[in-house]
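Colleague: Heads up: the sequence lines are chains H and Y, in that order.
Note that the working numbering has the first sequence beginning at 1, numbered continuously upward.
Note that the working numbering has the second sequence beginning at 1001, numbered continuously upward.
Using N, Cα and C, we set each Cβ at its ideal position, and we do this for glycine too.
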Amino acid sequence: MNHKLCTLITVTASLFLGSVAVSAQALKPAPAAKTSTWTVGHTPDGQPDLQGTWTNATLIPLERNKTLGAKEFYTEQEKAEMDAKPRKPVGSALVQHYDLAQFGLDRTQGKFAQNLRTSLIMGPEGRMPPFTAAGQKRIADERARVKGHEFDGPEYRNLGERCIVNNAAGPPMMPSGYNNDLEIVQGPGYVAITQEMIHDTRIIRLDGSPHISPEIRTWRGDSRGHWEGNTLVVDTTNFNDKVSFNRIPVSRDMHVVERFTRTGPDTISYQFTMDDPQTWEKPWAAEIVMGTAPGQIYEYACHEANHSMENLLSSARNLEKEAAAKK
Amino acid sequence: MKQSKTTAVPRLVAIAIFSVVVCQAQTYRAPRTADGKPNLNGIWQAMNTANWDLQPHAAEAGPIAALGAIGSVPAGLGVVEGGTIPYLPAALAKKKENYAKRLTLDPEVKCYMPGVPRATYMPFPFQIIQSQNKILIAYEYASTERLINMGKPIVPPDSSWMGMSNGRWEGETLVVDVTGFNEDTWFDRAGDFHSESLHVVERYTPVSAEVLNYEATIEDPKVFSRPWKISMPLYRRAEKNMQLSEFKCVEFVEELMYGHLRKQSSK
């Protein structure tokens, strides 16, 4: 019984993986770095070497500006002209709270791996496909749940503020406002990705084993990887129904396929395909070029020092008391 | 005469057992990684009650009556060499106070990172992933991890929960020097504690394909009168489908930590 079930799961997973991989391959990758003589190194046990400290910070928007139409890449000249203009720091609201330079929020100082994409989302559309009816309903329900209750309790705050999971950890690993540093460590049979923010390590098994039981649902899913040439392909399922992508509440059926390809000494092409038929009308794919980050990963004790949560809730309760006293 | 006889016998037995263990430790040579280092890769777990209390202790009722037998404390023979932690007098008083207030003071209750060496003997598995320049230890508990630097030692820039780990090989043994701790972690649920001057030296030595011997020497002149040592075996989790599971306990402690700050529905 058990054996049959296992076989069935393996076959389904690999078929699915195959079909998604084809659609991702059909998309154009960002033009590779100009170091044509460079070839990828290997770890002692023979894996293409992705190791090091990386950042996936980017200035490229997830979705393409509609005025650009189907234009997927800027020309070198257009890019140079854009780079010559002064960059704006991130949202002005943050300026009141943070020393932007200290926290790496000042994008005029930031170091980013360069590429010519007009949007992270690949292909002529450059935007997320429309939401399904179920997806629209879920998004509307979540907004309605939170509206007017933003300061009622921790479950009304976003997952990052609660120090449960960070957007950057994913999968897919989406850059967030600041600190997009991560470290990749490879050992025999495994690739591990340690995210500095909130501190989180994803361990990717390369042994061809099937995903864990569909009864087990998690914040970060269950990742299985394999090498296709020099590309690490990672298949992730088993998400719980509380996960969000860029603040979009996705479904537990979300299936993410990521492709990591080292394209130079200082760059990794990181592509991911999002397939959640309960949320989007069709799968879509994006690419982020990750660059090397100087230095090392340090400890980020998010929950241990989450005074913000306590301050935010107690301030709200105090304001309510004051308001009640005035009545 | 009689007394000396009775003490001599157990001593002889003790010496005999000790020499057997030493022989085994010296003769076992671990399989090598592709770059020639002892291969510690795997998923490991301690199987003892050190997380309840490092020192020898009898079983007792837990601090929450509602949990009954589930919340009670299992006994343990102790993992401290010599049996007793050498506290300075004032520190011993603080340990006793910690124990009395453990339900509110133990950082484990709040899902805080457990520190070193406690992370090793929490009742959860952990995984070692060995590369050339870094050795990653990922702990299931609270998604905690350590990246052990195997290169030129790094001086910790600030204090932290898990400290700064600098590793080196001594024959079959991975030696990890850990400094740069804050004073917020405990060693166990019994209130055993340290200051920010804590210095831990860990030794991971494979003694068979399935067992690592783990030792940690603990030094903190503000709390202890001398360095002291714990040791225990770490067992390989042998299940064929074994992998670390997700234990993100932050969500599980929100009610405990913030429940009193929730908006109460108006009556």
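1) Are the beta-carbon atoms belonging to A1075 of chain Y and A1061 of chain Y less than 7 Å from one another?
2) Rounded to a whole number of angstroms, what is the C-alpha to C-alpha distance between E72 of chain H and A286 of chain H?
3) Buried or exposed for T37 of chain H, going by 16 or more other Cβ atoms inside 10 Å?
4) In whole angstroms, what is the alpha-carbon distance linking H1057 of chain Y and A1190 of chain Y?
5) If we call anything under 7 Å between Cβ atoms a contact, is F1181 of chain Y one with L1198 of chain Y?
6) Indicate whether I1154 of chain Y and V1176 of chain Y have their beta-carbon atoms separated by less than 7 Å.
7) For E161 of chain H and F1252 of chain Y, what's the separation of their Cα atoms in angstroms?
8) Grab the span of the beta strand (DSSP E) containing P1206 of chain Y for me, first residue to last.
9) Does any C-beta atom of chain Y lie closer than 7 Å to the C-beta of S314 of chain H?
10) Between K321 of chain H and the rest of its own chain, which residues show a CB-CB distance below 7 Å, the 5 nearest in sequence each way excluded?
11) How many angstroms separate the CA atom of R145 of chain H from the CA atom of A301 of chain H?
12) Along chain H, in chain order, which residues have C-beta atoms closer than 8 Å to that of I1129 of chain Y?
13) Is it right to say A1034 of chain Y is buried, meaning 16 or more other beta carbons lie within 10 angstroms of its own, or is it exposed?
14) Residues of the segment 215–247 of chain H in Cβ contact with chain Y at a cutoff of 7 Å, in chain order, please.
15) If you run the structure through DSSP and keep just helix, strand and coil, what is I1064 of chain Y?
16) Would you mind sorting R138 of chain H into buried or exposed? The rule is 16 or more other CB atoms within 10 Å of its CB.
17) Distance cutoff 7 Å, beta carbons only. Does K321 of chain H sit that close to anything in chain Y?
18) For M1113 of chain Y, which residues in chain H fall below 9 Å Cβ to Cβ?
19) Going by DSSP in three states, F1252 of chain Y sits in which element: helix, strand or coil?
20) Straight-line CA distance for P214 of chain H to G187 of chain H?
21) How is the alpha helix (DSSP H) around Y1121 of chain Y delimited, first residue to last?
22) Can you give me the Cβ contacts of D49 of chain H inside the same chain, cut-off strictly under 8 Å, excluding the 5 residues immediately before and after it?
23) Straight-line CA distance for Q1024 of chain Y to Y1204 of chain Y?
24) For Q47 of chain H, which residues in the same chain have their Cβ closer than 6 Å to its Cβ, ignoring the five residues on either side in sequence?
25) Give me whichever residues DSSP pairs with W284 of chain H in a beta bridge.
26) I need the straight-line Cα distance from S308 of chain H to R157 of chain H, nearest angstrom please.
27) If you measure beta-carbon to beta-carbon, which residues of the segment 1239–1256 of chain Y are closer than 7 Å to chain H?
28) Who are A1138 of chain Y's beta bridge partners in DSSP?
29) Using a Cβ-Cβ cutoff of less than 8 Å, which residues in the same chain neighbour V1022 of chain Y once the five nearest sequence positions on both sides are dropped?
30) Between L232 of chain H and F260 of chain H, how many whole angstroms is the CB-CB distance? I'm expecting something under 8 Å.
31) Between M197 of chain H and the rest of its own chain, which residues show a CB-CB distance below 6 Å, the 5 nearest in sequence each way excluded?
32) Is the number of C-beta pairs between the segment 276–284 of chain H and the segment 247–260 of chain H that are closer than 8 Å three or more?
33) Could you pull out every residue in the same chain whose Cβ sits closer than 8 Å to the Cβ of D205 of chain H, ignoring the five residues on either side in sequence?
34) I need the straight-line Cα distance from V1201 of chain Y to N240 of chain H, nearest angstrom please.
35) State buried or exposed for E1145 of chain Y, treating a residue as buried only when at least 16 other CB atoms are found within 10 Å of its CB.
36) With H, G and I counted as helix, E and B as strand and the rest as coil, what does DSSP make of G187 of chain H?
Modeller: Reading off the structure:
1) no
2) 11 Å
3) exposed
4) 10 Å
5) yes
6) no
7) 15 Å
8) H1199 to P1206
9) yes
10) none
11) 29 Å
12) V185, Q186, G187, Y190, A192 and I203
13) exposed
14) T218, W219 and R220
15) coil
16) buried
17) no
18) H199, E299, A301, H303 and E304
19) helix
20) 27 Å
21) R1118 to Y1121
22) V40, G41, H42, T43, Q186 and R262
23) Here Q1024 of chain Y scores only 47 on pLDDT, less than 50, and its place in the model should not be relied on; the value that follows carries that caveat. Answer to the nearest angstrom: the Cα atoms are 15 Å apart.
24) Q186
25) H:M274
26) 11 Å
27) N1241, Q1243, L1244, E1246, K1248, V1250, E1251 and E1254
28) Y:Q1127 and Y:E1145
29) Low confidence applies here, because V1022 of chain Y scores a pLDDT of 47, under 50, leaving its location unreliable and the question unanswered by this model.
30) 4 Å
31) N166, A168, N179 and Y300
32) yes
33) With the sequence shown as reference, residue 205 of chain H is identified as Arg, and Asp is not the correct amino acid for it. So the list reads G189, Y190, S223, R224 and G225, once near-sequence residues are dropped.
34) 39 Å
35) buried
36) strand
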